[in-house]
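Only one structure is covered here, and it is reproduced in the block below.
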Amino acid sequence: MLSHYPIYTIEAECQDCYRCLRQCPVKAIQVEGGRATVVPELCIACGQCVAACPSQAKQVRSDLFSVYKLLRSQRLAYVSLAPSWVTEFPDISPEAMIAALRKLGFAGVSETALGAQEVSAAVAGILAQGGPRLQLSTACPAAVDFIRGYMPELVPNLTPLLSPLLSHCRMLRQAYGQNIGVVFFGPCVAKKTESDNHPALLDAAMTFKDLHVMLREEHIRPDAMVPGPADKFMPHPAKEGALYPVEGGMSDTIKAYAGNDKVCFTTLSGIATIESALQGMHNHVLPRPVFIEMLACVGGCVRGPCVSSRRPRLLDQLDVFDRAVHPGVDLAVRQPLLSIAERKNPSPVDLPVYSEDQYTKVLRLIGKFAPEDEINCGGCGHESCRGLARAMLEGLAEPSMCVHFLRKRATRKANALLRCIPAGVVIANSRLQIIECNEHFARLFGEETLMAYEASPGMEGASLDKIVPFANLFRRALDTETDIHRDALRHDDRVFSVTIFTIEPRNVLGGIVFDVTGSELRRDEIATRAREIIRKNLETVQEIACRLGENMADTEILLRSLAEGFSSGTKRLGDKDMRGRRS
């Protein structure tokens with residue numbers, strides 16, 4: 002377990018996309034440093050952020066450890082199986098499913114739909130006795146928490162009953178003992194909040210994904226199970242209660258009871274739909290009894306956040322219809338088998354009130370200085386710019402979430418750089434059409450190009466082939482996905498320094514162009530003068546070499562004659578010495 006709250010974020014996996022914020026109906030998401038985390042105080046655990054997260058950074062708390070601990074204890078553990086299991090395991094028979102769960106170590110398996118039938122009977126009795134008023138269902142814990150937190154004025158209109166799951170838990174404990182363990186398996190995240198809030202009734206609420214993990218870890222394949230005589234739903238199979246997972250299923254079971262012909266039944270699925278339909282209803286008097294079946298998930302529980310089915314929703318709904326026993330007409334209102342009364346109390350979310358000056362200051366941080374600047378694009382995940390501003394005031398958002406503001410700021414920076422760069426800069430697409438260029442670029446290629454730039458700054462859509470004499474280099478860079486650089490590219494009487502680089506492979510490329518004609522002429526002049534100096538130096542060296550050659554010849558003759566003279570004198574002196582010694 003990585004977090005106590007049922008939903009948490011793996012921050013390293015969060016991709017800074019704000020998709021969870023866009024899907025969250027109550028904006029219970031805090032963005033800090035580009036990472037989106039759930040705010041438990043605001044959350045209703047509908048699980049929409051989990052289903053929407055593309056990188057699976059939003060995770061549902063796993064209670065596998067506590068369930069395994071329960072199974073290894075001395076307590077008998079029973080399963081409360083949601084009726085939508087038939088959509089998660091469409092090819093598995095009830096007996097095989099029960100056999101697989103019992104092999105995991107559970108003492109028995111019962112259908113949550115039994116608790117739903119108790120709720121239907123109790124609601125039918127309330128509607129039969131009540132007058133013209135609004136009654137809201139309490140079957141969906143996420144919808145109930147939304148009413149309690151965000152529309153607390155309608156809490157008195159909630160039917161004062163336990164949910165079908167908690168009713169079923171009470172039924173199981175009455176039948177098999179208060180000390181048993183009860184574990185729920187279903188498609189819902191909000192059931193975990195019910196488990197947290199009613200630990201004496203429900204030991205753990207698990208998702209169908211958790212069930213797949215348990216079966217895989219224990220190497221149990223439901224499709225390979227051979228059911229035995231004991232593999233039956235306890236204490237008996239459910240009937241019409243199995244319709245609860247689909248929109249209108251609860252209402253259908255209640256309408257079948259006698260005495261409800263004057264009641265108007267309707268279904269609201271999706272928190273946004275519930276909010277828009279009920280906003281301001283507490284100020285109105287109804288002419289007749291109205292019962293509203295509230296479901297947080299659009300499509301009902303068959304499209305809960307923790308289902309793995311990707312079939313068309315209609316097929317899943319048909320599976321539920323086929324497995325359920327449909328109620329007859331004008332059934333007598335039967336008394337509930339046990340007490341499932343529970344009064345709901347308001348738990349309003351603290352929503353501070355901010356002044357217009359506070360909104361104005363925050364809006365300016367994201368470049369909204371006038372009403373027309375508030376484009377309400379929704380890119381930040383909030384419905385309006387003021388919604389983002391409010392989230393910033395609450396410490397739940399940051400200015401970088403405004404995509405429009407970031408784009409405008411990036412555009413201003415890019416335009417400033419283009420203006421200040423003392424070179425021709427151009428960005429073109431795969432068709433060599435200009436996306437953006439600066440004035441320096443336009444000046445490089447004549448008066449007509451400059452006039453076109455002044456008429457349409459940036460020259461978006463203009464063709465490089467008609468402007469640049471070396472457009473073939475751009476085409477080559479685009480085709481080969483390589484950068485190209487030319488220090489001195491000559492065209493007519495001009496010389497260019499050109500650098501072409503890839504921005505998006507085979508799609509967008511950029512170019513930086515300098516006119517280096519003047520510097521090239523100076524370089525040619527310097528090279529010519531250098532060559533002249535080198536020539537003169539060579540001539541001087543050659544002359545010096547010649548003169549040194551002549552001098553060396555004269556010196557050699559002189560030295561030879563001196564050497565010969567010296568040698569002759571020495572020889573004569575030697576002869577005299579020899580003659581003197583002899584005498």
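Quick note on my numbering: the sequence shown kicks off at 2 and runs consecutively.
We treat Cβ as the ideally placed atom computed from N, Cα and C, and that holds for glycine.
- Buried versus exposed, by CB contacts within 10 Å (16 or more), Val469: By the 10 Å Cβ count, Val469 comes out buried.
- Task: Would you mind giving the Cβ-Cβ distance between Ile11 and Leu22, rounded to the nearest angstrom? I have them listed as a contact below 8 Å.
- Result: In fact, because the Cβ distance is near 16 Å, the residues do not count as touching under 8 Å.
- Query: If we call anything under 7 Å between Cβ atoms a contact, is Leu445 one with Asp516?
  - Reply: It is a contact, given that the beta carbons lie within the stated cut-off.
- Item | Through-space distance from Arg103 to Asp1, alpha-carbon basis | There is no way to answer for residue 1, as the model of the chain reaches only from 2 to 584.
- Would you call Ala273 buried or exposed, if buried means 16 or more other Cβ atoms sit within 10 Å of its Cβ? Exposed, since its Cβ has fewer than 16 Cβ neighbours within 10 Å.
- According to DSSP, is Gly242 helix, strand or coil? Under the three-state reduction of DSSP, Gly242 is assigned to helix.
- Query: Using CA coordinates, which residue listed in Met98, Leu159, Val264, Asn416 is at the minimum distance from Gly229?
  - Reply: Ranking Met98, Leu159, Val264, Asn416 by Cα distance to Gly229 puts Met98 first.
- Query: By Cβ distance below 7 Å, which residues in the same chain neighbour Pro349 in space, the five residues on each side in sequence not counted?
  - Reply: Counting only Cβ-Cβ distances below 7 Å, and skipping sequence neighbours, we find Gly150, Pro153.
- When you compare only the Cα positions, how much space is there between Asp484 and Arg387? Just so you know, the alpha carbons of Asp484 and Arg387 end up roughly 45 Å apart.
- Inter-residue spacing [alpha-carbon to alpha-carbon] between Ile513 and Asp351: One C-alpha to the other measures close to 56 Å.
- Query: If you measure from the CB of Ala342, is any heavy atom of the ligand ATP nearer than 6 Å?
  - Reply: Because no ligand of any kind appears in the structure shown, any question about the ligand ATP cannot be addressed here.
- Query: Which first and last residues belong to the beta strand (DSSP E) in which Val80 is found?
  - Reply: Unbroken beta strand (DSSP E) run through Val80: 78-82.
- Query: From Gly396, Ala13, Cys18, pick the residue whose C-alpha is nearest to that of Val404; which is it?
  - Reply: Closest by alpha carbon: Cys18.
- Any chance the stretch 255-265 sits against the stretch 287-295, with 3 or more Cβ pairs inside 8 Å? Yes, the stretch 255-265 is in contact with the stretch 287-295.
- Nonlocal neighbours in the same chain, by C-beta distance under 7 Å from Leu407, ignoring five residues either side: Here the set comprises Ser401.
- To the nearest angstrom, how far is it from the Cα of Ala122 to the Cα of Ala257? Taking the straight line joining both Cα atoms gives about 10 Å.
- What do you get for Met295, buried or exposed, if any count of 16 or more other CB atoms within 10 angstroms of its CB means buried? Using a 10 angstroms sphere on the CB of Met295, the tally of other CB atoms reaches 16 or more, which defines it as buried.
- Assuming Arg62 contacts Lys192 (C-beta within less than 8 Å), just tell me the rounded distance between them. Going by Cβ atoms, the distance from Arg62 to Lys192 rounds to 12 Å, so no, they are not a contact pair.
- Just the Cα atoms here: how many angstroms apart are Asp320 and Asp232? Whole-angstrom Cα-Cα distance: 21 Å.
- Message: For the structure I just gave you, are there three or more beta carbon pairs, one from the stretch 501-513 and one from the stretch 474-484, closer than 8 Å?
- Response: Flag = yes, the stretch 501-513 and the stretch 474-484 touch.
- Which stretch, first to last residue, makes up the beta strand (DSSP E) that contains Cys170? Run containing Cys170: none in the beta strand (DSSP E); it sits in the alpha helix (DSSP H), 165-177.
- Could you give the distance in angstroms between the alpha-carbon of Ala441 and the alpha-carbon of Val499? It is His, not Ala, that sits at residue 441 in the sequence shown. Linking His441 to Val499 through their CA atoms gives a straight-line distance of about 14 Å.
- Task: Quick one: measure Cβ to Cβ for Val303 and Thr88, integer angstroms, because I've assumed they're closer than 8 Å.
- Result: About 5 Å separates the CB atoms of Val303 and Thr88; that is less than 8 Å, so the two are in contact.
- Whole-number beta carbon distance between Glu119 and Leu279, since they are thought to touch under 8 Å: Between Glu119 and Leu279 the Cβ distance is about 26 Å, and since that is not below 8 Å, they are no contact.
- Item | Three-way DSSP call (helix, strand, coil) for Thr500 in this model | Assigned with DSSP and collapsed to three states, Thr500 falls in strand.
- Message: For the pair the stretch 409-424 and the stretch 389-397, tell me if three or more CB-CB distances fall below 8 Å.
- Response: Segments in contact, no.
- Using a Cβ-Cβ cut-off of 6 Å (strictly less than) and excluding sequence neighbours within five positions of Val68, which residues of its own chain qualify? Sequence-distant partners of Val68 (beyond 5 residues in either direction) whose C-beta falls short of 6 Å from its own C-beta, in its chain, are Val184, Ala205.
- Query: Lys409 and Val156 look like a contact to me (Cβ under 8 Å); what is the Cβ gap, rounded to whole Å?
  - Reply: Between Lys409 and Val156 the beta-carbon gap is near 44 Å, outside 8 Å, which marks them as no contact.
- Under 8 Å Cβ to Cβ from Leu173, same chain only, skipping five residues before and after it: list those, please. Excluding sequence neighbours, Leu173 sits near Tyr79, Ser81, Ser111, Ile181, Val183.
- Own chain residues within Cβ distance below 6 Å of Met226, not counting five before or after: Excluding positions up to five away in sequence, the list reads Ala97, Ala100, Ala101.
- Item | Straight-line Cα distance separating Cys141 from Ala342 | So the alpha carbons of these two residues sit roughly 16 Å apart.
- Item | Lys362: first and last residue of the uninterrupted alpha helix (DSSP H) it sits in | Looking at the DSSP string, the run of the alpha helix (DSSP H) that includes Lys362 is 357-366.
- Query: Between Leu162 and Leu366, what straight-line distance do the alpha-carbon atoms span, to the nearest angstrom?
  - Reply: Spanning the two alpha carbons is a distance of roughly 48 Å.
- Message: So, with DSSP's three-state summary, where would you put Asn346?
- Response: Here Asn346 sits in coil by DSSP.
- Other residues of its chain near Pro347: CB distance less than 7 Å, five sequence neighbours each side excluded: Cβ within range, chain order: Arg149, Pro153, Val156.
- Three-state secondary structure assigned by DSSP to Gln49: Three-state result, Gln49: helix.
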